[in-house]
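All remarks here apply to the structure that follows.
Numbering (the numbering used here), first residue to last: 168 to 795.
Pasting the structure below:
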């Protein structure tokens, strides 16, 4: 009788909320290795959507009540549940496209602050998009695009797409979307706007749409399907009336029947929205789909992978590290220009954002640091219909170290870990279910970003053993015997480069073997603080980097912005945000304007173009001045 009662209680718990709970799947050995640890997460075969807005409202309010009872920085072990619906067929792989933006994967263009069309060059400042004639290199006009963050852009055929966030309470651009608040608190009024311009001859606004949610990320396929990803809060306020009113404003703006339940019941009370547009059409007619829960990382190649990283267990008081990092990933495929949930899977480990992921159908590779096990792992998953199954784990890499950078090719994975030296691991992934380390190279320092060249080299951007900004060049033509060609410190002490944190700021051209990285340095002393900004340009040989050329827009700063006699952190240097090759010339961009140099000889300047209202680049407490 006692066991019958226990069984009935278990059954009632699993059927709460009209969901079917999944039993944990025990790890099984594969090819001498073990599956990644999955905790209580296992495989999810089907998903359910909400049948009405009333059902979504009841779901959100139930989660809101639970959240109000739990106020802690630690995250409880999640409840993993499933529902039932039909899943769609995956789309065919998409081909690579050529864009000035340095993208992670070919075939999926990423939003950026510089884009190029047949006739124009576009550069996004915080309040405007500056338009330059591509042929004459002359200033054309400014497109108003004021918001709380710098607008982001795409170009498709003869159309410019501008994404702005007029009421966004976030900051920065989408680079993995890491380090976001654990509990979403942004208001329901958060939104983003997308503007469509015809730029075939003149600049003409064609359509404009306002979308609910905080901007998260965006992708554009070479077939012209634009996807904007936003996040909204499903619950706000400390009393039930406020929470209901807030929820009503969200539900009123979406199709509730297109909302898929996340299998992570205790995920943050948020709604992730995917808006897709067919840019082959003359208007911004959207299709939408939504998934309950927030996200930290977006990775996309042929499909989209949305990952929510969360901490299980409290932070260690001494190391300030979490005892375990959990990740729930939602895999979506595009069907008739609408994103459909295909599977969800759970894994443990701290990732590097999107650079920890690589899709090579039907396999997905994930590189992680295991804080609790104190090592680095490469996990392999296989997509089969509506399931994503773990098939192998290469574990025990670099005991006592953490993952610092990751780069995948079709044949190999390159992982950099760090404690006191920089081990570069080369892993053969040609047999996805049996990955193997083929070589390891230890050198001082570490690389936080890796770029693979067509000449079988790796360029690393990171820090030297002395803590200075450093470039590393590796020869990986022989995977079993990689070698270090050269390491070179960049700029003076205390230098930093945006290319370490945003791959779109990194430039390398395989044809001309030209490398450029933006650099910013601030040196503090009792007498004078020195500020250096700009970009360092290298002409690579097979012997190394050679001597760099320093590109700078600093003279524009002294011309248009007054500075105190003692330069310091309060004086805003002119940062070069992007360096690109356009029409066999080297373009450098800052908020003041653009300058054009020779790709072969970067010291040779051809032209410079100043944007409108350059004094707006100055700090708010600085007054505009007449140019010298």
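Think of the CB as a built atom: it goes at the ideal place given N, C-alpha and C, for glycine as much as any other residue. If you're wondering where the values come from, they're calculated on a predicted model, not measured in any experiment.
Coil, strand or helix - residue 782 by DSSP = Of the three classes helix, strand and coil, the one that applies to residue 782 here is helix, per DSSP.
Quiz item: Cα-Cα, which of 546, 526 and 498 is closest to residue 601?
Solution: Nearest in C-alpha terms to residue 601, of all of 546, 526 and 498, is 546.
Discussion item. Going by C-alpha to C-alpha distance, which of 452, 781, 763 and 324 sits closest to residue 303?
Written reply: Looking at the Cα atoms, 763 is the closest of the given residues.
Candidates 743, 766 and 758: closest to residue 751 by CA position:
The shortest Cα separation from residue 751 among 743, 766 and 758 belongs to 766.
- Taking C-beta to C-beta, are residue 357 and residue 399 nearer than 8 Å? It is a contact, given that the beta carbons lie within the stated cut-off.
Quiz item: Do you know offhand how far residue 427's Cα is from residue 570's?
Solution: So the alpha carbons of these two residues sit roughly 33 Å apart.
query: So the beta strand (DSSP E) residue 455 belongs to, where does it begin and stop?
result: That run of the beta strand (DSSP E) goes 453-459.
query: In this structure, does DSSP put residue 600 in helix, strand or coil?
result: Under the three-state reduction of DSSP, residue 600 is assigned to coil, being neither helix nor strand.
For this session: Report the three-state DSSP secondary structure of residue 375 (helix, strand or coil).
Result: In the three-state reduction of the DSSP assignment, residue 375 falls in the strand class, which pools E and B.
Flag this pair as touching only if the region 278-290 and the region 314-323 have three or more C-beta atom pairs under 8 Å; answer yes or no.
Here the region 278-290 makes contact with the region 314-323; the two share three or more CB pairs at distances below 8 Å.
Problem set entry | Best match in 443, 778, 565 and 577 for proximity to residue 608 [C-alpha to C-alpha] | Ranking 443, 778, 565 and 577 by CA distance to the CA of residue 608 puts 565 first.
- Does the beta-carbon of residue 271 have 16 or more other beta-carbons within 10 angstroms, so that it is buried, or is it exposed? The residue is buried, with at least 16 neighbouring Cβ atoms inside 10 Å.
- Item | residue 371 classed as buried or exposed, judged by whether at least 16 other C-beta atoms fall within 10 angstroms | With a 10 Å radius around the Cβ and a threshold of 16 neighbouring Cβ atoms, residue 371 comes out exposed.
| said: Considering only the alpha carbon of each residue, which of 688, 707, 663 and 439 lies closest to residue 677? | reply: 707 is the residue among 688, 707, 663 and 439 whose C-alpha sits nearest the C-alpha of residue 677.
Helix, strand or coil for residue 522 per DSSP? DSSP places residue 522 outside both helix and strand once states are collapsed to three, so it counts as coil.
In this structure, does DSSP put residue 777 in helix, strand or coil?
Of the three classes helix, strand and coil, the one that applies to residue 777 here is strand, per DSSP.
Output needed for residue 454: all residues of its chain with C-beta closer than 6 Å, excluding positions within five of it in sequence on either side, in chain order. Take residue 454, set aside five residues on each side of it, and the residues of its chain with a beta-carbon closer than 6 Å to its own are 443, 504 and 505, in chain order.
Practice prompt. Would you kindly report the start and end of the unbroken alpha helix (DSSP H) that includes residue 444?
Written response: Element bounds for residue 444: not the alpha helix (DSSP H) but the beta strand (DSSP E), 437-445.
With the cut-off set at 8 Å, would you say residue 652 and residue 636 are in Cβ contact? Contact flag unset, no.
Using the three-state DSSP reduction, which class does residue 679 fall into: helix, strand or coil? It is coil, neither helix nor strand.
Pick helix, strand or coil for residue 415, following the three-state DSSP scheme. It is helical.
Exercise. Drop a sphere of 10 angstroms on the beta-carbon of residue 715, count the other beta-carbons inside from all chains shown, and report buried for 16 or more, exposed for fewer.
Key: Under this definition residue 715 is a buried residue.
For residue 621, which three-state DSSP category applies? Reduced to three states, the DSSP call for residue 621 is coil.
*From which residue to which residue does the beta strand (DSSP E) around residue 724 run?*
That residue, residue 724, is in no beta strand (DSSP E); its alpha helix (DSSP H) goes 721-727.
Q. Alpha carbon to alpha carbon, how far is residue 679 from residue 748?
A. Rounded to whole angstroms, residue 679 to residue 748 spans 10 Å at the Cα level.
| message | To the nearest angstrom, how far is the alpha carbon of residue 554 from that of residue 464? | response | Approximately 20 Å between the Cα atoms of the pair.
Classify residue 325 as helix, strand or coil using the three-state DSSP reduction.
In this structure, residue 325 counts as coil in the three-state DSSP scheme.
Inset, instruction - Pull up the DSSP beta-bridge partners for residue 500, would you. - result: Beta-bridge partners assigned by DSSP to residue 500: 507.
Using a Cβ-Cβ cutoff of less than 6 Å, which residues in the same chain neighbour residue 643 once the five nearest sequence positions on both sides are dropped? Closer than 6 Å at the Cβ level, and outside the excluded window around residue 643, lie 623, 625 and 649.
*Opposite residue 628 in the DSSP bridges: which residues?*
DSSP lists 616 and 638 as partners of residue 628.
*asked:* Measuring only the C-alpha atoms, how far is residue 292 from residue 744?
replied: Near 11 Å, if we compare the C-alpha coordinates of residue 744 and residue 292.
Using the three-state DSSP reduction, which class does residue 709 fall into: helix, strand or coil?
Residue 709 falls in the coil class under three-state DSSP.
Worksheet entry | N-terminal and C-terminal residue of the alpha helix (DSSP H) that residue 229 is part of | Here the alpha helix (DSSP H) through residue 229 covers 220-235.
- For residue 464, which beta-bridge partners are listed by DSSP? Residue 464 pairs with 474.
Whole-angstrom C-beta distance between residue 671 and residue 268, which should lie under 8 Å | Right, the Cβ-Cβ distance comes to about 6 Å (below 8 Å), so this counts as a contact.
DSSP three-state call for residue 408: helix, strand or coil? Here DSSP, grouped into helix, strand and coil, assigns residue 408 to helix.
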